[in-house]
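Asks: Have a look at this one.
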Amino acid sequence: MSTLNVGDQAIALDKDGFLVDLQDWSHAAAEALAEREGIPLTADHWEILELLRQFYQEYQLSPATRPLIKYTAMKLGPEKGNSPHLNRLFNGTPAKLAAKLAGLPKPTNCI
Amino acid sequence: MTTLHVIAHSPFGDERLASCLRLLGTDDALLLCGDAVYALRSGSEPHRQLQAAGLAQRLFALDEDVQARAVGNDLAKAVDYAGFVELSLHYDKVNSWL
Amino acid sequence: MAKSLLIISRQAPWNGPSAREALDIALAGGAFDLPLGMLFLDDGVFQLAPGQQPTAVQQKNLAANLQALPMFGVEELFACSHSLTRRGLAADTLALPVQVLDDAALAALIARFDQVVTL
Chain E
1 MSTLNVGDQA
11 IALDKDGFLV
21 DLQDWSHAAA
31 EALAEREGIP
41 LTADHWEILE
51 LLRQFYQEYQ
61 LSPATRPLIK
71 YTAMKLGPEK
81 GNSPHLNRLF
91 NGTPAKLAAK
101 LAGLPKPTNC
111 I
Chain A
1001 MTTLHVIAHS
1011 PFGDERLASC
1021 LRLLGTDDAL
1031 LLCGDAVYAL
1041 RSGSEPHRQL
1051 QAAGLAQRLF
1061 ALDEDVQARA
1071 VGNDLAKAVD
1081 YAGFVELSLH
1091 YDKVNSWL
Chain F
2001 MAKSLLIISR
2011 QAPWNGPSAR
2021 EALDIALAGG
2031 AFDLPLGMLF
2041 LDDGVFQLAP
2051 GQQPTAVQQK
2061 NLAANLQALP
2071 MFGVEELFAC
2081 SHSLTRRGLA
2091 ADTLALPVQV
2101 LDDAALAALI
2111 ARFDQVVTL
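Shown next, in the form of structure tokens:
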């Protein structure tokens, strides 16, 4: 367990750096989480994070890499929904890292 | 591809046996073990279902489970564990109804 | 070529872990690109009933999770016609797009897969 300081709020993280309470997520929390990972968030990142939150809304689970690529391709087109693009944005582990930044639970089928 | 279906639950109050008999292919076989051997009790409803299914040489029962439960067996070919293994290898796949 | 696997899910959704476990096998296998099929049989067809409210029994939304199957690459989804009819579930009201198969078609389906597991 550790905490993430966002403004004057201390947010609890689990041992892998995921939010303990998904309600704690905000754009500022995402920025702070990304900073811990050394990733400056760009518009390209944000659209994937929004997409992930939409995925979770729809299916109530975090996608593994393959469904993340498929969903992204479906919603944003194949030039975004492919593994080089997503790997580049999220340091080679898009399912895990993007879920973390989007404030989703850790994907269960992620090795 | 052929399938050996394996059922270990009692046929009373559960649909496994009835569903399995509906889905059984013409080259598939059924092995009863554990409480599933109660289906072999003559005069019982599942015994009648098994008779009606006419599985002939494609119905097997684990002998030690039959003996332990004293159900009698006039329908299924009795096998021991070695026979069970042989059957598992003979069919392309095994479907255990967990 | 990886071996194909048919997962037969035959337990009702809110009665023990079986329905969840069957789905987890499907999602995990799909994530690894295995050729999978899923068949809803017996009480398993209740997983497809429309309008379920799992939060009423403090459960995760299995029906919502099931919707993710095609996204995980599991597109071969089937339900047993006999099981649906017995339970008064109409094929055109189901919460998931499944092919409804009669007994003969189900026997052929089971024969087609390399491996089968029934939960």
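Chains as they are written, first to last, in this note's numbering: chain E, 1 to 111; chain A, 1001 to 1098; chain F, 2001 to 2119. All C-beta atoms in this analysis are idealised placements derived from N, C-alpha and C, irrespective of residue type, glycine included.
Give the DSSP-derived three-state secondary structure of Trp1097/A in the structure shown.
Replies: Three-state DSSP puts Trp1097/A in a strand.
Asks: With 8 Å as the threshold, decide whether the Cβ of Gly2044/F is near any Cβ in chain E.
Replies: Output row for Gly2044/F: interface = no.
Asks: Are the Cβ atoms of Leu2062/F and Arg2010/F separated by less than 8 Å?
Replies: Result no, Cβ atoms of Leu2062/F and Arg2010/F do not sit closer than 8 Å.
Asks: Opposite Phe2046/F in the DSSP bridges: which residues?
Replies: Its beta-bridge partners do not exist; DSSP assigns none.
Asks: Would you check if there are 3 or more beta carbon pairs closer than 8 Å linking the segment 2015-2030 of chain F to the segment 1074-1092 of chain A?
Replies: Result no; under three Cβ-Cβ pairs closer than 8 Å.
Asks: Flag Glu1015/A as yes if its beta-carbon sits less than 8 Å from any beta-carbon of chain F, otherwise no.
Replies: Answer yes: the Cβ-Cβ gap between Glu1015/A and chain F drops below 8 Å somewhere.
Asks: Mind listing which residues of the segment 1011-1040 of chain A have their C-beta closer than 7 Å to chain F's C-betas, in chain order?
Replies: For the segment 1011-1040 of chain A, which is checked against every Cβ of chain F, the residues closer than 7 Å are Glu1015, Ser1019, Arg1022, Leu1023, Leu1024, Gly1025.
Asks: Between the segment 1007-1022 of chain A and the segment 89-101 of chain E, do at least 3 Cβ pairs fall closer than 8 Å?
Replies: Segments in contact, no.
Asks: Assign Leu2039/F to buried or exposed, taking buried as 16 or more other Cβ atoms, counted over all protein chains shown, within 10 Å of its Cβ.
Replies: Under this definition Leu2039/F is a buried residue.
Asks: For Ala1061/A, count neighbouring C-beta atoms within 10 Å of its own C-beta (all shown protein chains included) and say buried if the count is 16 or more, exposed if not.
Replies: Counting Cβ neighbours within 10 Å, Ala1061/A comes out buried, since at least 16 surround it.
Asks: Locate the alpha helix (DSSP H) running through Phe1084/A, then write down its first and last residues.
Replies: Counting along the chain, the alpha helix (DSSP H) containing Phe1084/A begins and ends at 1081-1090.
Asks: I'd like to know if Ser1096/A contacts chain F, where contact means its C-beta is closer than 8 Å to some C-beta of that chain.
Replies: For Ser1096/A, the answer is yes, since a Cβ of chain F falls inside 8 Å of its Cβ.
Asks: So which residues on chain E does Asn2065/F lean against when the C-beta distance must stay under 7 Å?
Replies: Per Cβ cutoff of 7 Å: Tyr59, Gln60, Leu61.
Asks: Below 9 Å on C-beta distance, what does Arg66/E contact in chain F?
Replies: Those are Gly2030, Ala2031, Phe2032, Asp2033, Met2071, Phe2072, Gly2073, listed as they occur along chain F.
Asks: Please report how far the alpha carbon of Gly2088/F lies from the alpha carbon of Gly2051/F, in whole angstroms.
Replies: Distance between the alpha carbons of Gly2088/F and Gly2051/F is about 15 Å.
Asks: What residues of chain F sit near Lys1093/A, judged by a beta carbon separation below 7 Å?
Replies: Within 7 Å Cβ-Cβ: Asp2114, Gln2115, Val2116.
Asks: With a threshold of 16 other CB atoms inside 10 Å of the CB of Ile111/E, please say whether the residue is buried or exposed.
Replies: With a pLDDT of only 45 at Ile111/E, under the threshold of 50, the placement of this residue in the model should not be trusted; the figure read from the coordinates follows. Ile111/E is exposed by the Cβ-count criterion.
Asks: Return the first residue and the last residue of the alpha helix (DSSP H) that Gly2030/F is part of.
Replies: 2018-2031 is the span of the alpha helix (DSSP H), which, as asked, contains Gly2030/F.
Asks: What does Lys70/E reach in chain F if we use C-beta pairs closer than 7 Å?
Replies: Under the 7 Å cutoff, chain F gives Met2071.
Asks: Have a look at Ile2110/F, Asp2103/F, Pro2017/F, Leu2109/F and flag the residue whose alpha-carbon is nearest the alpha-carbon of Gln2059/F.
Replies: That would be Pro2017/F, whose Cα lies nearest to the Cα of Gln2059/F.
Asks: Using the C-alpha atoms, what's the distance from Pro1046/A back to Ala2107/F?
Replies: So the alpha carbons of these two residues sit roughly 20 Å apart.
Asks: Please report the residue range of the beta strand (DSSP E) in which Leu1055/A lies.
Replies: No beta strand (DSSP E) holds Leu1055/A; DSSP gives it neither H nor E.
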